[in-house]
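Be aware that the sequence shown starts at 1, since it is given in this note's numbering, and climbs by one per residue.
Just so you know, even glycine gets a beta-carbon here, dropped at the ideal spot from N, CA and C.
Here's the structure we're looking at; comments come further down.
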Amino acid sequence: MSRIASTFEKLRRQGRKALIPFVTAGDPAPEMTVPIMHALVAAGADILELGVPFSDPMADGPTIQRSSERALKHGVGLGDVLRMVTEFRRKDPTSPVVLMGYANPVEAMGYERFADAARAAGVDGVLVVDYPPEESRELTALLRSRGIDSIFLLAPTSVDARIDEVARVASGYVYYVSLKGVTGASHLDLREVAEKVPCIRSHVKLPVGVGFGIRDPATAQAVAAVSDAVIVGSRLVQEIEKSARGELLTNLSSLVSAMRRAIDGA
Numbered sequence: 001m002s003r004i005a006s007t008f009e010k011l012r013r014q015g016r017k018a019l020i021p022f023v024t025a026g027d028p029a030p031e032m033t034v035p036i037m038h039a040l041v042a043a044g045a046d047i048l049e050l051g052v053p054f055s056d057p058m059a060d061g062p063t064i065q066r067s068s069e070r071a072l073k074h075g076v077g078l079g080d081v082l083r084m085v086t087e088f089r090r091k092d093p094t095s096p097v098v099l100m101g102y103a104n105p106v107e108a109m110g111y112e113r114f115a116d117a118a119r120a121a122g123v124d125g126v127l128v129v130d131y132p133p134e135e136s137r138e139l140t141a142l143l144r145s146r147g148i149d150s151i152f153l154l155a156p157t158s159v160d161a162r163i164d165e166v167a168r169v170a171s172g173y174v175y176y177v178s179l180k181g182v183t184g185a186s187h188l189d190l191r192e193v194a195e196k197v198p199c200i201r202s203h204v205k206l207p208v209g210v211g212f213g214i215r216d217p218a219t220a221q222a223v224a225a226v227s228d229a230v231i232v233g234s235r236l237v238q239e240i241e242k243s244a245r246g247e248l249l250t251n252l253s254s255l256v257s258a259m260r261r262a263i264d265g266a
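Written as structure tokens, this is what we have:
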């Protein structure tokens, strides 16, 4: 059983939902990423999504775009991100790490080399935002052969045929984008989420995580009540952006701890 599957199984036995924070690797500076990852786990994160900086992140709103820009100014690339995961694994052999990014860096490295490097680093899952299932079969097969899950996005506009296609190739969990738009938007429709997640579950037997638009503990609690995992990105990146370096870890930990308590009370 993979680290992601065993994490969800443990949470299921405990009657709890997963908290999955997203941060961009290299933001605000490369040396801060691994301490941030450890702080998120200590504050209650179950799975970490680590963004690979990219110059044209078309699914991301201004907040996460700025985080990529900050990381890219430090020259952080896919190889650096994998080295950060390797460093994280020296102290944490159990918390799952999912790389989230775009196709270009993966294609520039090459599928097979990327799959080997991700396995060696201790990566558990990969989500390539701009790869639909039908264009990712080769990469998905290579990742599966190395024990790495392939995670795919579903949206409010996803029809049954698309959900079935994702169900055939996905592993680990599926990521439901809770609103029409980019990351950081604030018009999350909880009623629509509550209606869509059961529909997805009728097609997909994997855990369903919900992200985009979750900005506070109350929203995290409401989403946890209808899903298997709450995914929080832009709100954490905002905290990184506005925090002084000496207060960053404390501020992030406080925010994640508050969401953890809210989710556990869902």
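Contact annotation, I148 with A115: C-beta distance approximately 7 Å; criterion of less than 8 Å satisfied.
With contacts defined by Cβ atoms closer than 9 Å, V98 and V126 form a contacting pair. Non-local beta-carbon contacts of D130 in its own chain, meaning distances under 6 Å to residues more than five positions away in sequence, involve Y102, A103 in chain order.
The Cβ-Cβ distance between A170 and L206 falls below 9 Å. Annotation for L153: Y175, V177 place their beta carbon closer than 6 Å to its own, counting only its chain and skipping 5 residues before and after. In this structure, the alpha-carbon of R3 lies about 13 Å from that of A18. Taken through DSSP and simplified to helix, strand or coil, S150 comes out as strand.
Annotation: A225 to L249 spans about 28 Å, alpha carbon to alpha carbon.
Judged by DSSP secondary structure, A218 falls outside any beta strand (DSSP E) and instead within the alpha helix (DSSP H) spanning 217-224.
Only buried fits D27, as 16 or more other CB atoms lie within 10 angstroms of its CB.
Contact annotation, F88 with V34: C-beta distance approximately 5 Å; criterion of less than 8 Å satisfied. Pairing V208 with D228 gives a Cβ-Cβ distance under 9 Å. Around L255, the same chain offers E239 as residues with beta carbons nearer than 6 Å, after the five sequence neighbours per side are excluded.
For I20, there is no enclosing alpha helix (DSSP H); the residue is found in the beta strand (DSSP E) stretching over 18-24. Taken through DSSP and simplified to helix, strand or coil, V85 comes out as helix. It is roughly 30 Å from the alpha-carbon of L78 to the alpha-carbon of A220. Ranked by Cα distance from R119, the first of E135, A5, A108, S145 is S145. For E241, the closest alpha carbon among the candidates T7, D56, A71, S55 is that of A71.
In the structure shown, G51 adopts extended strand secondary structure according to DSSP, grouped into three states. DSSP, reduced to helix, strand and coil, places I36 within a helical segment of the structure shown. Counting of Cβ neighbours within 10 angstroms places K73 among the exposed residues, the total staying below 16.
The beta carbons of M84 and M37 sit closer together than 9 Å.
For V230, the enclosing beta strand (DSSP E) begins and ends at 229-232.
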